């Protein structure tokens, strides 16, 4: 059995066949799907999906860095209020993205720090989006890091140096997604030297579909391809990869 630790299955891209995508996930051994929030507009759809099958779905709460705007402080106050109303498995998806948006870097950094502090207060893990921003992310995590800060670096595509830095923080995992299956990514060589205990699996659906579905809409059932690639790299059985990564997810997110 597997846990997809990062799937936007509430996205409008699934409106035509969401029940089918859920069924395919279950048929392919997915035992649980974690749902990271994006912004204020996605909250209701995410909650609706979780409420449809709370034993299968767990939601998070946070503001994605690409949706941090000039009104971010007010929006963060709204997300904080949700933690008084519902249980969440993490604060996420949060972080810094300097690939799509550089003009609001200061706002992204402050929003990230605010949400890290919130996670520590709530004793919840964080799900970190880091795109073209490892130095900025690492600086803030180092400043905020203590025994209450745990989480995952979502969609890890860094090198050996970044992996070692993440492991040095303690309490953090790296999320492996479709990029692991891309022939020219080089991620397989990085992952080969890192213990399986440092990873959780994710799809980031509907984005970043793994080979052999690259370029298509991603979905949670495709997690199997990522697990198979990890098993191949580590020379482990698929069953063992499932057991270890599921245990990692269960412990990190208190599932």
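Residue numbers (my numbering): 3 to 257. Glycine is no exception: its CB is placed at the ideal position from the N, C-alpha and C atoms. Values in this document were obtained by computation on a predicted structure and should not be read as measured data.
Does DSSP put residue i in a helix, in a strand, or in coil?
i	result
residue 70	coil
residue 176	strand
residue 132	strand
residue 222	helix
residue 155	strand
residue 125	coil
residue 119	helix
residue 239	coil
Whose CA, out of the options, lies closest to the CA of residue i?
i	options	result
residue 32	248, 213 and 253	248
residue 243	199, 217 and 212	199
residue 205	235, 195, 157 and 172	157
residue 179	166, 164, 208 and 173	208
residue 90	175, 221, 192 and 56	56
residue 237	196, 108 and 129	196
residue 28	58, 49, 44 and 87	58
residue 126	102, 108, 105 and 61	61
residue 154	174, 11, 141 and 170	174
residue 13	49, 26 and 81	49
residue 36	171, 68, 94 and 102	94
residue 68	42, 54 and 16	42
residue 46	81, 187 and 21	81
residue 77	44, 100 and 99	44
Who are the Cβ neighbours of residue i in its own chain at under 7 angstroms, not counting the five residues just before and after it?
i	result
residue 251	5, 7, 202 and 257
residue 189	159, 181 and 182
Go through its chain and collect everything with a Cβ distance to residue i's Cβ below 6 angstroms, but skip five positions before and after it.
i	result
residue 226	30
residue 232	243
Where does residue i land, buried or exposed, given buried means 16+ other C-beta within 10 angstroms?
i	result
residue 258	Since the displayed the chain opens at 3 and closes at 257, residue 258 lies outside it and no answer follows.
residue 2	Any answer about residue 2 is impossible in this case: the structure gives the chain only from 3 up to 257.
residue 104	exposed
residue 9	buried
residue 151	buried
residue 17	exposed
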